[in-house]
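Report on the following structure.
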Amino acid sequence: MNDARGDDRGQLILIAGIGIAVAFVALALILNSLVFTQYLATKPTADGGDAIAYEHTVADGVRGLVSEANVRDYGAEASISVRGGVDTLATHLARHYGVYGTLANVTVVDIDHGTSIHQPTPRAFTNRANESDWTLFENAAGVRGFRLNVTGASVTNASYAFQATVIADTEPTINVRRSGSEVRIGETCVRETPVVLNFANGTADGTACEGVPNIEMANVKKISIDNGDNATGKYVAVVNDTTVTADGDFYETPDRSPYAVSAVYAATVNAAYVSPDVTYRTDIRVLPDVFGIVTAGDHADDEPDGGDTGDGGTDDVRYGVIPKTGGLVFTDGTASTNLSVVSATGRVARLPPTTAMVIGPQEYDFTGDGYLDVPYTDGSGTIYLANESGSMRLPVSNAEDSSSLLAVGSWNGSAPSIFYAGGSKVHRINPGTGVAHTLFGDEDTDGVSAIAGVGDIDADGEPEFVYLDGSSTISYRETNPSDQETKGEVQGVGGYGVGAPVDFANDSTAAVVPYVDSSGYVSYVNANINSRKLLTDVEAAKVPLTTYDVDRDGELEIVFVRSSDNQLWYVDNVVDSPTPKQFENATGDGIVVDEDTGVA
1 MNDARGDDRG QLILIAGIGI AVAFVALALI LNSLVFTQYL ATKPTADGGD AIAYEHTVAD
61 GVRGLVSEAN VRDYGAEASI SVRGGVDTLA THLARHYGVY GTLANVTVVD IDHGTSIHQP
121 TPRAFTNRAN ESDWTLFENA AGVRGFRLNV TGASVTNASY AFQATVIADT EPTINVRRSG
181 SEVRIGETCV RETPVVLNFA NGTADGTACE GVPNIEMANV KKISIDNGDN ATGKYVAVVN
241 DTTVTADGDF YETPDRSPYA VSAVYAATVN AAYVSPDVTY RTDIRVLPDV FGIVTAGDHA
301 DDEPDGGDTG DGGTDDVRYG VIPKTGGLVF TDGTASTNLS VVSATGRVAR LPPTTAMVIG
361 PQEYDFTGDG YLDVPYTDGS GTIYLANESG SMRLPVSNAE DSSSLLAVGS WNGSAPSIFY
421 AGGSKVHRIN PGTGVAHTLF GDEDTDGVSA IAGVGDIDAD GEPEFVYLDG SSTISYRETN
481 PSDQETKGEV QGVGGYGVGA PVDFANDSTA AVVPYVDSSG YVSYVNANIN SRKLLTDVEA
541 AKVPLTTYDV DRDGELEIVF VRSSDNQLWY VDNVVDSPTP KQFENATGDG IVVDEDTGVA
């Protein structure tokens, strides 16, 4: 009996243990179920939201790249700039998303090449040959960003008013004529000038105007102009074709108005997004419409206020209205940072570099940060760009690093570039693409020492490239490739005292090249060797000089370095009555500069 009861107790203990084990297993299952339910409740669903956000990020980035290439008039190199920018964007996105275990990539599928047509300064709505009835473009497959900025009208009679006819699905015509101190657009729409007419939404300065048609710009094929000499203003557009303009209607470089250069109309990229939950791939076609014309007047210091509407802001000043006006560039060895810029008001700004040896003018925002850049070399043959926000190194190592001068501009169809002397040849580099090109050597093989710039010094309607050869002689090359054998030597100078060509009369006659002669006198000359000595009572240092509207009277003065004390002086009333005056800083004191670099 006792043994039987012991066996029973053992069985009871075994059964109880099994029951407890089963209870623990059940409890574990319940807890696991609760945890898994909570996980599912908080886990993001694979609905593609992150992938769509990535697609928008890619589209925004590519839109900025296309806009930048066109805004900066990269011309034939616009597509190169976009492709390079997409590669850089892809690298940054891959690094960013890779941190979260997501594979991201962007590749270029296709580039739609087009034409950028632009009248950046106020003039009659005539073509290059001043014909008033002409075709802006035709045989197009759409247009982006087309706007007219009307700054004035000269007739009140509707029969002779300026007209622009847009041929798309319909053929509406705008009619602009003078109405007192204002302009009348159509019959009932009256606006003060300047006024921006936006065909994409039928507005004048952003408000509805019955005289401005609302057109689907993707369907536009042609725009024709009648009575273009009876109104003045500016315009800008990017057209979806490369053969839409007639020979002779536009200049081919952005240094004169109106001009037409190659552009990117649209870009198609493939965006790939692969996460643990979502695999997404799509083609994105980007057609930015950010080209506009400033409505707040032609102020070089307008702050951005228009976003992508084209109604104002720094980008519009750079592209749709008028180039920003930089300051005078010089170096000052007494300052901790020697690269300096002075404005017409005498305010001196010091830029970061400490070893600038050769300088160029402050004329263009190559870096796209809203500040005009100053090119310079540091004594090692390397070219840098500097502005208030810092400096940037360019892939150049053969630039002249003393007794020279850099130039900024466009020539022979190039994008805005920096031109420099190096290895007895003339070169240029487009900072947007980082691509350098060798252009030519000197005519008589005695080298190239400094770059003056681009200007029509022989009044043939085409700008020449002007430089200083190794024997300190002003020399030039013609623009058209077929005329490259047309070249010449103009004038010997003292040292390397030369400046950029300029048309002081502003009447399309031959531009002249300012220089310092062998006696130290400020002079100028054109390709016909028509020279003029301006000053004989103030001696200039035989270093680079430049032109600038010092007294803000609307006329350019010649700024030079006085040899006796290395201070900045200028020639006022250059054409009529040349008069030497001292350039003073904001406190009325003279401005001392390094004689080695001169002024640009």
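First residue of the sequence shown: 1, per UniProt numbering; consecutive thereafter.
Quick reminder that beta carbons are idealized off the backbone N, C-alpha and C, glycines included.
Because the structure is a prediction, the values reported are computed rather than measured.
> According to DSSP, which residues form a beta bridge with residue 371?
Replying inline: DSSP output for residue 371 lists no bridge partner at all.
>> Can you give me the C-alpha to C-alpha distance between residue 544 and residue 363, rounded to a whole angstrom?
In response: Their backbone Cα atoms lie some 16 angstroms apart in a straight line.
>> Quick check: what's the CA-CA separation for residue 512 versus residue 501?
In response: Cα-Cα distance, rounded: 5 angstroms.
>> Does the structure place the segment 81–99 close enough to the segment 190–199 that three or more beta carbon pairs sit under 8 angstroms?
In response: At 8 angstroms Cβ cutoff, the stretches do not touch.
>> Taking 9 angstroms as the threshold (beta carbon to beta carbon), is residue 354 in contact with chain B?
In response: Here there is only one protein chain, and chain B is not present.
> Would you call residue 409 buried or exposed, if buried means 16 or more other Cβ atoms sit within 10 Å of its Cβ?
Replying inline: With 16 or more other Cβ atoms from the protein chains shown falling within 10 Å of its own Cβ, residue 409 counts as buried.
> With a Cβ-Cβ cutoff of 9 angstroms, do residue 471 and residue 447 count as a contact?
Replying inline: Yes; because the gap between Cβ atoms is below 9 angstroms, this pair is in contact.
> Which of the three DSSP states, helix, strand or coil, is assigned to residue 585?
Replying inline: Correct three-state label for residue 585: coil.
> In angstroms, rounded to a whole number, what distance separates the CA positions of residue 143 and residue 257?
Replying inline: Cα to Cα, the separation comes out at about 20 angstroms.
>> For the structure I just gave you, are there three or more beta carbon pairs, one from the segment 92–111 and one from the segment 262–281, closer than 8 angstroms?
In response: In this structure the segment 92–111 lies against the segment 262–281, because at least three pairs of beta carbons, one per stretch, are closer than 8 angstroms.
> When DSSP labels each residue in this structure, what does residue 422 get in the three-state scheme?
Replying inline: Three-state DSSP puts residue 422 in a strand.
> Where does residue 40 land, buried or exposed, given buried means 16+ other C-beta within 10 angstroms?
Replying inline: Summary for residue 40: the model assigns pLDDT 42, below 50, so the residue's position carries little reliability; its value from the coordinates is reported in the next sentence. Result: exposed.
>> Quick check on residue 215: does DSSP put it in helix, strand or coil?
In response: In the structure shown, residue 215 adopts coil according to DSSP, grouped into three states.
> Measuring CB to CB, does residue 116 end up less than 9 angstroms from residue 237?
Replying inline: Yes, they are a contact pair.
>> For residue 515 and residue 396, what's the separation of their Cα atoms in angstroms?
In response: Between the alpha carbons of residue 515 and residue 396 lies a distance of about 28 angstroms.
> Is the Cβ-Cβ distance between residue 85 and residue 69 less than 9 angstroms?
Replying inline: Taking a C-beta distance under 9 angstroms as the contact criterion, residue 85 and residue 69 qualify as a contact pair.
>> Using the three-state DSSP reduction, which class does residue 277 fall into: helix, strand or coil?
In response: Three-state DSSP puts residue 277 in coil, outside helix and strand.
> From the DSSP output, which residues share a beta bridge with residue 134?
Replying inline: DSSP lists 225 as the bridge partner or partners of residue 134.
> Where does residue 100 land, buried or exposed, given buried means 16+ other C-beta within 10 angstroms?
Replying inline: Around the CB of residue 100, fewer than 16 other CB atoms lie within 10 Å, so the residue is classed as exposed.
>> Rounded to the nearest angstrom, what separates residue 383 and residue 452 at their Cα positions?
In response: For residue 383 and residue 452, the distance between alpha carbons rounds to 17 angstroms.
>> Excluding the 5 residues flanking residue 224 on each side, which residues of the same chain have their C-beta closer than 6 angstroms to its C-beta?
In response: Cβ-Cβ distances below 6 angstroms link residue 224 to 135, 165 in the same chain, with the five nearest sequence neighbours on each side left out; the list follows chain order.
> On the premise that residue 540 lies in contact with residue 528, defined as a C-beta separation below 8 angstroms, what is that separation, rounded to the nearest angstrom?
Replying inline: At roughly 24 angstroms, the Cβ-Cβ gap does not stay under 8 angstroms, so residue 528 and residue 540 are not in contact.
> Can you list, in chain order, the residues of its chain whose CB lies under 7 angstroms from that of residue 214, leaving out five sequence neighbours each side?
Replying inline: By the criterion of a C-beta distance shorter than 7 angstroms, residue 214 is surrounded in its chain by 201, 202, once the five residues flanking it on both sides are discounted.
>> Short of 6 angstroms in beta carbon distance, which residues of its chain neighbour residue 77, apart from the five on each side in sequence? Order them along the chain.
In response: Only 415, 430, 433 meet the Cβ criterion.
>> Rounding to the nearest angstrom, what Cα-Cα distance links residue 328 and residue 133 in this structure?
In response: When the Cα atoms are used, residue 328 and residue 133 turn out to be separated by approximately 41 angstroms.
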